[in-house]
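Single-structure report; data block below.
Number of protein chains: 2
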Amino acid sequence: MKVLVIGANGQIGKQLVTLIQESDSLKAKAMIRKQEQASYFEELGAETVLVDLEDDTKKIAEAAEDVDAIVFAAGSGPKTGPDKTMLIDLDGAVKSIEAAKQANVKRFVLISSYDTSREAIQEADSSFAPYVAAKHYADDWLRRTDLDYTIVHPGMLTNDEGTGKIEAAEKVEANKVPRDDIAQVLLACLEDPSTIGKEFQVIAGDTRVREAVASLK
Amino acid sequence: MKVLVIGANGQIGKQLVTLIQESDSLKAKAMIRKQEQASYFEELGAETVLVDLEDDTKKIAEAAEDVDAIVFAAGSGPKTGPDKTMLIDLDGAVKSIEAAKQANVKRFVLISSYDTSREAIQEADSSFAPYVAAKHYADDWLRRTDLDYTIVHPGMLTNDEGTGKIEAAEKVEANKVPRDDIAQVLLACLEDPSTIGKEFQVIAGDTRVREAVASLK
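Just so you know, the sequences run in chain order A and B. Position 158 of the first sequence, counted from 1, bears residue number 158 in this note's numbering, the numbering being contiguous throughout. Position 123 of the second sequence, counted from 1, bears residue number 1123 in this note's numbering, the numbering being contiguous throughout.
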């Protein structure tokens, strides 16, 4: 199974491509924005494709034509300008979802934000609220498709070393989670079809990733 | 018929409240953000209600409880920060639409942007694209409701004096249009139920507003 990783050059994206390349049954196609980002992925034996998320849907669909699954790991992040929040976190995600449909790729895994509910937009402070709103509308768009989707809602992302252990459920108490472990969660979702149609929050915890993901309600 | 004008303190909003108050069958309830904005509307004999579009849906729904129609004339405008583009032009519009549903207000007239198609987002320059995207998603949200909606897509808004004459159709060539004439278009939509379920572009033209609006396909 070949997986298009959108946002491959981000921290989670890089780790995910590494894990995919180490796995037995998956291989990665890294969607990157700049040619100079390619060598990292080529050294891992992964394919690369140059597409900017501000390009049109057709260009993204072409990148997805030969893959079996898409992971949307791109994120302008809450610290980028809010113009990119609109064009990457919302519109880039929606174009990726539409590209999946156009390219007949059924499986779509989306990294969202911890809580993207209507209430969470209201409660977020003013600098974070646009990001939560972007993720709210992107999640909503994906839920309304008939793609085989999984939406992952990570707690507060850290650069701590991964432990391979998490707590995952529809609702978990807000807490931190290493980016490394989120990459493992994404891999587990790709390898476990029982995650199709599910969405869940993830924080650091005591259960091995694969087990935690397999036992999601 | 009482009309809640959301964004009443904007240029189009002020003009619309004036026209509504001058009309025979309509009266306006101006939704404003600050108490000091109230006197302008009180002098016109219009009701006012203090709600911020960053408030929650419930607060907007309360403001809409005694009205028969809502006009969304708010706009951070393409020149505000893109954080407000997300929170006002997109999320504020969606909350207003949801508030209409909650308050059982069927009639909803939305001022959109000239062209909010997927292609228009792609073609817009990078400073304008987030605004087009916000309007794209707000329009889409409204179309998917069962409200009695009308979506008005004005050409490039100017502060020129209105002529009372426009050109309106599903597609018209890009051109300017005075804000005053857009206020007249909104009034005509409120007074003409044949505009329900329609959306159209408007530029300056040679046809009287009421006639142009009545003859929309």
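Cβ atoms here follow ideal geometry from the backbone N, Cα and C, with glycine treated the same way.
Nearest chain A C-beta to B:Ala1074 closer than 8 angstroms, yes or no?
The C-beta of B:Ala1074 comes no closer than 8 angstroms to any C-beta of chain A.
B:Arg1118 lies in the alpha helix (DSSP H); which residues open and close that run?
Its alpha helix (DSSP H) spans residues 1118-1123.
Beta strand (DSSP E) containing B:Tyr1149: first to last residue?
For B:Tyr1149, the enclosing beta strand (DSSP E) stretches over residues 1148-1154.
Report buried or exposed for A:Gln15, applying the criterion of at least 16 other Cβ atoms within 10 angstroms of its Cβ.
Residue burial annotation: A:Gln15 is buried, with at least 16 other C-beta atoms found within 10 angstroms of its C-beta.
Three-state secondary structure assigned by DSSP to B:Leu1110
Strand.
Mind pulling the beta strand (DSSP E) runs of 3 or more residues that sit fully within the segment 1052-1111 of chain B?
Counting only runs of 3 or more, we get 1069-1072, 1107-1111.
Interface flag, A:Gly81 vs chain B, CB-CB below 8 angstroms:
Closer than 8 angstroms: yes.
C-beta atoms of B:Val1071 and B:Val1005 nearer than 8 angstroms:
Yes; because the gap between Cβ atoms is below 8 angstroms, this pair is in contact.
Is it buried or exposed for B:Ala1174, if we count other Cβ within 10 angstroms and need 16 for buried?
That one is exposed.
Figure out for me which residue from A:Ala212, A:Glu191, A:Lys198, A:Ala204 has the closest Cα to the Cα of A:Asp24.
The shortest C-alpha separation from A:Asp24 is found at A:Glu191.
Please state whether the Cβ-Cβ distance between A:Gly48 and A:Ala30 is less than 8 angstroms.
Here the sequence assigns Thr to residue 48 of chain A, which means Gly is not the residue at that position. Contact annotation: A:Thr48 and A:Ala30 have beta-carbon atoms nearer than 8 angstroms.
B:Gln1184 burial status per 10 Å Cβ neighbour count (16 or more: buried)
Flag for B:Gln1184 reads buried.
Alpha helix (DSSP H) containing A:Glu199: first to last residue?
Where A:Glu199 is concerned, there is no enclosing alpha helix (DSSP H), although the beta strand (DSSP E) it sits in stretches over 198-204.
Output, in chain order, the set of chain B residues within a Cβ distance shorter than 7 angstroms of A:Ala129.
Those within 7 angstroms of A:Ala129 in chain B are Leu1087.
Does the beta-carbon distance from B:Gly974 to B:Ile1166 come in below 8 angstroms?
Chain B is shown only over 1001 to 1217; residue 974 of chain B falls outside these bounds and no answer can be derived.
For A:Thr18, the three-state DSSP class (helix, strand or coil):
Correct three-state label for A:Thr18: helix.
Is B:Ile1032 near B:Ala1073, with beta carbons less than 8 angstroms apart?
No; because the gap between Cβ atoms is not below 8 angstroms, this pair is not in contact.
Quick one: does B:Ile1121 have its CB under 8 angstroms from some CB of chain A?
With 8 angstroms as the cut-off, B:Ile1121 counts as an interface residue toward chain A.
Look up A:Arg208 in the DSSP assignment and say whether it is helix, strand or coil.
For A:Arg208, the secondary structure class from DSSP, reduced to helix, strand or coil, is strand.
If you drop the 5 nearest sequence neighbours on each side, which residues of the same chain put their C-beta closer than 7 angstroms to that of A:Leu44?
Closer than 7 angstroms at the Cβ level, and outside the excluded window around A:Leu44, lie Val17, Thr18, Gln21.
Expected contact under 8 angstroms - CB spacing of A:Val105 and A:Val67 to nearest Å
With a Cβ gap of about 6 angstroms, A:Val105 and A:Val67 count as contacting.
Secondary structure of A:Glu36, DSSP reduced to three states:
Helix at A:Glu36.
Please say whether A:Arg208 and A:Gly155 have beta carbons closer to each other than 8 angstroms?
It is not a contact, given that the beta carbons lie outside the stated cut-off.
The alpha helix (DSSP H) spanning B:Glu1191 covers which residue range?
Segment 1179-1191, the alpha helix (DSSP H) holding B:Glu1191.
Just the C-alpha distance for B:Asn997 and B:Asp1180, rounded to the nearest angstrom, thanks.
Any question about residue 997 of chain B goes unanswered here, given that chain B covers just 1001 to 1217.
Could you list which residues in chain B have their beta carbon closer than 8 angstroms to that of A:Ala100, in chain order?
Result: empty, since nearest Cβ-Cβ is about 15 angstroms, beyond 8 angstroms.
Any C-beta of chain B under 8 angstroms from that of A:Ala133:
For A:Ala133, at least one C-beta of chain B is nearer than 8 angstroms to its own C-beta.
Would you verify that the beta carbon of B:Asp1091 is, or is not, closer than 8 angstroms to some beta carbon of chain A?
The beta carbon of B:Asp1091 sits closer than 8 angstroms to some beta carbon of chain A.
Which of helix, strand or coil does DSSP assign to B:Ala1133?
Helix.
Near A:Gly162, what residues of its chain come up, given a Cβ to Cβ distance below 6 angstroms and the 5 sequence neighbours on each side ignored?
For A:Gly162, where only same-chain residues beyond five positions count, the Cβ hits under 6 angstroms are Pro178, Asp180, Asp181.
B:Gln1201 burial status per 10 Å Cβ neighbour count (16 or more: buried):
It is buried - the Cβ of B:Gln1201 has at least 16 other Cβ atoms within 10 Å.
Flag this pair as yes or no: are the beta carbons of B:Thr1145 and B:Ala1099 separated by less than 8 angstroms?
Cβ distance not < 8 angstroms, so B:Thr1145 and B:Ala1099 don't count as in contact.
Contacting residues, own chain, Cβ-Cβ under 6 angstroms from A:Asp148 (five flanking each side not counted)
The answer, listed in chain order, is Lys106, Arg107, Ile196.
Which chain B residues are close to A:Lys139, counting only those with a beta carbon under 8 angstroms from its beta carbon?
The displayed chain sequence assigns Asp, not Lys, to residue 139 of chain A. Going along chain B, no residue has its Cβ under 8 angstroms from A:Asp139, so there is no contact; the nearest lies around 13 angstroms.
Proximal residues, the segment 1046-1077 of chain B versus chain A, C-beta separation under 9 angstroms
In summary, the residues of the segment 1046-1077 of chain B whose CB is separated from some CB of chain A by less than 9 angstroms are Glu1054, Asp1055, Asp1056, Thr1057, in the order they occur in the chain.
Label A:Lys171 either buried or exposed according to how many other C-beta atoms from any shown protein chain fall within 10 Å of its C-beta, with 16 as the threshold for buried.
A:Lys171 is exposed by the Cβ-count criterion.
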